[in-house]
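J.:
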Amino acid sequence: ILRRNMTLRKVYPAVVGHILCRQTTKQCDQKLLIRMKTECVPCSLNLETQCPAGYTKITNGTGIPDCRYYLEIKTHILSFPGCRHHCMKEFEQPECCQGHWGPDCMACPGGAASPCNRRGHCSQGITGDGVCTCQVPNPSLHIVCNCVHGVCNSGITGDGRCTCLSGYRGLSCDQPIAECEALRCPPNSRCTASGEDGRQLQCTCLPNYHGAGTQCEPINPCSEKICDPNADCIYLGPNQHKCTCQEGYRGDGQVCLPIDPCQATYGNCPAQSTICIYDGPGKSHCECKEHYTNFVPGKGCSMTDICETNNTCHKKAKCSMIAPGQITCMCQGGSVGNGFVCYGNIMERLQDLNAEVGGRWQGKLTSALSLMENVYEWPLSTLGPFTVLVPTNKGLKGTNIKDLLNNKQKAQYFVKLHVIAGQLNTSSLNNTNIIYTLTGKSGEISQGEKDNQLRIRIQGGRRKGKLLQGNIIASNGILHIIDKAMDNVEPTFESSKEETIMSVLQDNGRYSQFTSLIEKTGLGMDLQQDNRPYTVFVPSNEALSNMKAEALDYLLSNNDITFLSFNLYSFQLEVASLISIEHIRSMAKQFIYFNRTSTGQVLVSGEEMEETDIVAKNGRIYTLAGVLIPPTIVPILPHRCDETRSQVGNCATCSSHALATCPQDSKPIVSTRKEDICFTSQEPKCCKGFFGPDCSPCPGGFSKPCSGNGQCMDGLDGNGTCVCAKAFQGSHCQFCSDPSKYGPQCDKECLCIYGKCDNRIDSNGICLPGSCRSGYTGKLCDKQVVPCEPSLWLCHAHADCHNLHLINYVPPNCPEQMSLHAPQAECIQTGPGEHTCVCQAGWTGNGRDCSAINNCLLPAAAGCHDNATCIYIGPGQNDCKCKDGFRGNGIECTPINSCLEQNGKCHHLATCQFESSRGWQCVCPKGYEGDGRICYGNLGKGPKGSEHISLRQIEKCQP
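Residues in the sequence shown are numbered from 1 upward in steps of one, following the UniProt record's numbering.
Right, here's the structure in full:
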């Protein structure tokens, strides 16, 4: 049997139910329905995937796109979305009929119709040993013999009658007979009463003797066929014997069963490589199993290496023996396939097609191959998946390849007009009328009116490339041969390798709003320099304008650094790289995610790209039709619920009311009384469900803080900590505190057996992926990792599998374990099948639960000076800004002598003094009241000619 193995992962079948039984005289085999999934492969390749021998495919086409496969390319491993088929087969599980036992289904002692004579339980079934476990008799049913001078007819078949000894008579042999002495009975006999009236006496033989009474001989049971035919009878005395099973048989002598050495010790044959052949009672011999040769007593047989004798794998595949007569062919070197056929990467496939002797495209793809080799070989051979439209030499006739290659940047752009993200086969192209190339430009799909063949045209171009051959499989994508190259449509946003990112953005008015925001921060200076590379995601003016005014104001108030740095990545990324990675960590230390639509359009955290790969001197620019919002400041509104209050201001005479100015952050209110000057102020407050100086959403979301299972420490002074109810724990109370419970109320008992329970409130009680103990697998960690032959069942945790062929089990790769880990954690493989999850920089937690670190809420306030304000920028990031009245870098802040800088701020009677907690302040002299801007005392007090405000006048200002 040749086993086709296409990936590292092994998929075992599962028994889902039985449908009927096949019954013979001894054997009642059970038919079971087994389902399994094929291994994950590229969807384009899965069309040809067949189910294992004996299985029926129950899915159509390319199967179910519900898995990922991993491709090792040179120094790294890429994860691609793939497909697999569902298969089903009926399996006949050997079973013995009722009353039979062992592999040969032999009848139980006492016969199959009445096992153990219906007085016990037979160890029956195909795994039974035929031993009877007898019942314990009911004491209430026992009848005790009452023979005084006699022998009782006892036992299971006895009737309890007494046979009286010589000289006694009666039912209980308790009546002496005087006349017996005169008879002089011979040895081994006795005097007994006979006749109808019991008065006639005669000599009769004692029990266990027989004769006429005049001569009694011992009874020899062995003269009768009292033992099993396969037992020897041994005479032990009058009517006494012992039945002993003959050699090769076992039992009590009454019943002797043939000993099958193959059942007892497997005939001392090594089970791995030999089979035991039953030759007769107590006799057997060893023979080599199929695919084994050269039997050596005590050691067994040697397995035939098919990889050496009959290797049917592809030249790029590695052949390995996985079981006797079974090989696995594993495609190597970045190729994919079933091992019998292996497909290389896009560039290798192009080279093979162009060089295939007698092939349809021999020498007809030279121009396209030359162009791609010169300007885009690395992405097409190491990244993906891509769909590549390959024009023939004739299709490139109007394009001067040499001139195009003189400008590598333009040549790359031309190639990318022929590359689509993802794998779009002809069926996918038939089901859509638009596709998107790696340039961001869209293309139109149509069908010819006459030949009904697919044609592709780039928007803005005139040429329509007709599909000549499609669905050419490559390890990192799929190729379609077309008869015409796409028009070299110019990009909307021109690249400029001589200018920096900032200069390129300043030259394009469509993105002026974002550019002006960058200019106002220190980030603009960074993007103007060329000492390090950047990747920038830029929203258009239209995208920013479409935002609510309040939302945009909020983004640009205290969160501009977080917002802008979220759109920056401190490395240069080509668009081809975005296809192959799932996410990056922006300069705001928050993740940006990449995916693509079924038509090849690349999405950045759900936002559509407009132009891609705009090259600058110090990096690349990607323009977006939407705005990237950092997750830590979502939702944008409502965060703040400030309270507005009004109060009376300082009182002054009408002639001096100009001195009675409103305090900072307040506005004057028009008063009906000229002597009153009043003001309003706002008290900053966070809305319910938000916390901290920036009013960030509580863990679990502001609409349901702490997942509804706890109390969030919200408010302006809160730190966002969730105080969970007794049954819950976690940063947002999303876990059950009891590790063996799960469910919304944490009242359901976990189903996990030999693993760690997924104790989330929204889980279904299975085990955490990768948490099974060594030797166990399955969602509940209840299956042993090695399937039992011949049924290929995975034994339950509480069952043992015997006489099996070991098959290597490869635990899941690290990337497959990410589904239940925190999005802000990364999976680190620590060994074969072992991994750990670690929160990214700027986040804290155990890997399953990661929370953003707010440096401003730490005891040291991120190192900011006592007279500075800590500003939260993003996870693990902050800025320090000196408070009003102080200057410095935030780490060090020194007081500003505001009295000197703001001439005339103090009242002419006040002096400017320094206070450690408040800085420079205006202070009224002793005997005067006021805030330093206004000083007042009693009438008549003060220098001559000066005007003062009395306390009585102040009272008039009270509302």
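Yeah, the Cβ is synthetic: ideal placement off N, Cα and C, and Gly gets one too.
Measure the alpha-carbon distance for V602 versus P684 and round it to whole angstroms.
T.: Cα to Cα, the separation comes out at about 41 Å.
J.: Drop a sphere of 10 angstroms on the beta-carbon of W378, count the other beta-carbons inside from all chains shown, and report buried for 16 or more, exposed for fewer.
T.: That one is exposed.
J.: Since I believe F563 is in contact with V604 (beta carbons under 8 Å), could you give me their beta-carbon distance rounded to a whole number of angstroms?
T.: About 15 Å separates the beta carbon of V604 from that of F563, a gap too long to meet the 8 Å contact definition.
J.: Hey, how far is the Cα of P218 from the Cα of P187?
T.: 11 Å
J.: Roughly how many angstroms lie between the CA atoms of T387 and G422, to the nearest whole one?
T.: 6 Å
J.: For T521, tell me which candidate among K408, Y235, D879 and F591 has the shortest Cα-Cα distance.
T.: Of K408, Y235, D879 and F591, the residue nearest in Cα terms is D879.
J.: Tell me the rounded alpha-carbon separation between I482 and Y436.
T.: 17 Å
J.: If we ignore side chains and look at the alpha-carbon of each, how far apart do Q246 and C116 end up?
T.: The alpha-carbon atoms of Q246 and C116 are separated by roughly 22 Å.
J.: Please state whether DSSP places residue 960 in a helix, a strand or coil.
T.: Residue 960 is absent from the structure shown; the chain starts at 1 and stops at 959.
J.: Between which two residues does the beta strand (DSSP E) carrying Y209 extend?
T.: Y209 to G211
J.: Based on Cα-Cα distance, which residue from L417, T632, R887 and R620 lies nearest to S496?
T.: R620
J.: What did DSSP end up calling Q351 once you bin it into helix, strand or coil?
T.: helix
J.: Would C722 pass as a contact of H732 if the rule is Cβ separation under 8 Å?
T.: yes
J.: Could you spell out the range, first to last residue, of the beta strand (DSSP E) harbouring Q93?
T.: H86 to Q93
J.: If you drop the 5 nearest sequence neighbours on each side, which residues of the same chain put their C-beta closer than 8 Å to that of Q124?
T.: C96, Q98, G99, H100, W101, C108, P115 and G130
J.: Please confirm whether G874 and A474 have their CB atoms less than 8 Å apart.
T.: no
J.: What did DSSP end up calling L909 once you bin it into helix, strand or coil?
T.: coil
J.: Is the separation between the beta-carbon of G443 and that of P385 shorter than 8 Å?
T.: no
J.: With burial defined as no fewer than 16 other Cβ atoms inside 10 Å of the residue's Cβ, what is the status of S740: buried or exposed?
T.: exposed
J.: In chain order, what residues of the same chain lie with their CB nearer than 6 Å to the CB of V504, ignoring the 5 residues before and after it?
T.: S496 and A616
J.: Going along the chain, which residues of its own chain have a beta-carbon closer than 7 Å to the beta-carbon of G932, five neighbours each way excluded?
T.: C906, H907, A910, Q921, C922, V923 and C924
J.: How is Q711 classed by DSSP in three states: helix, strand or coil?
T.: It is a strand residue.
J.: DSSP state of W361, grouped into three classes?
T.: coil
J.: If I measure Cβ to Cβ from R760 and keep anything under 7 Å in the same chain, skipping five residues before and after, which residues do I get?
T.: Answer for R760: Q734, F735 and Y742, listed in chain order.
J.: Looking at the structure shown, is H683 part of a helix, part of a strand, or coil, going by DSSP?
T.: For clarity, residue 683 is Glu in the given sequence; the question names His instead. E683: strand per DSSP, three-state reduction.
J.: DSSP beta-bridge partners for Y249?
T.: P258
J.: Three or more beta-carbon pairs under 8 Å between the segment 395 to 405 and the segment 364 to 374, yes or no?
T.: Taking a contact to require three or more Cβ pairs closer than 8 Å, the segment 395 to 405 and the segment 364 to 374 qualify as touching.
J.: Who are the near neighbours of L857 in its chain, counting only those whose CB is closer than 7 Å to its CB and skipping five residues on each side?
T.: G692 and N719
J.: Are the CB atoms of G863 and A852 nearer to each other than 8 Å?
T.: no
J.: Quick one: any contact between the segment 28 to 47 and the segment 77 to 88, if contact means 3 or more CB pairs under 8 Å?
T.: Output reads yes: the segment 77 to 88 touches the segment 28 to 47.
J.: Does the beta-carbon of R190 have 16 or more other beta-carbons within 10 angstroms, so that it is buried, or is it exposed?
T.: buried
J.: Nearest to T38 by CA position, among T25, T62, I581 and C28, is which residue?
T.: T62
J.: For the segment 280 to 299 against the segment 253 to 268, are there 3 or more C-beta pairs whose distance is under 8 Å?
T.: yes
J.: Quick check on the burial criterion: 16 or more other C-beta atoms within 10 angstroms. Buried or exposed for P859?
T.: exposed
J.: What do you reckon, are the CB atoms on N230 and C256 nearer than 8 Å?
T.: yes
J.: Taking Cβ positions, are Q529 and N618 nearer each other than 8 Å?
T.: yes
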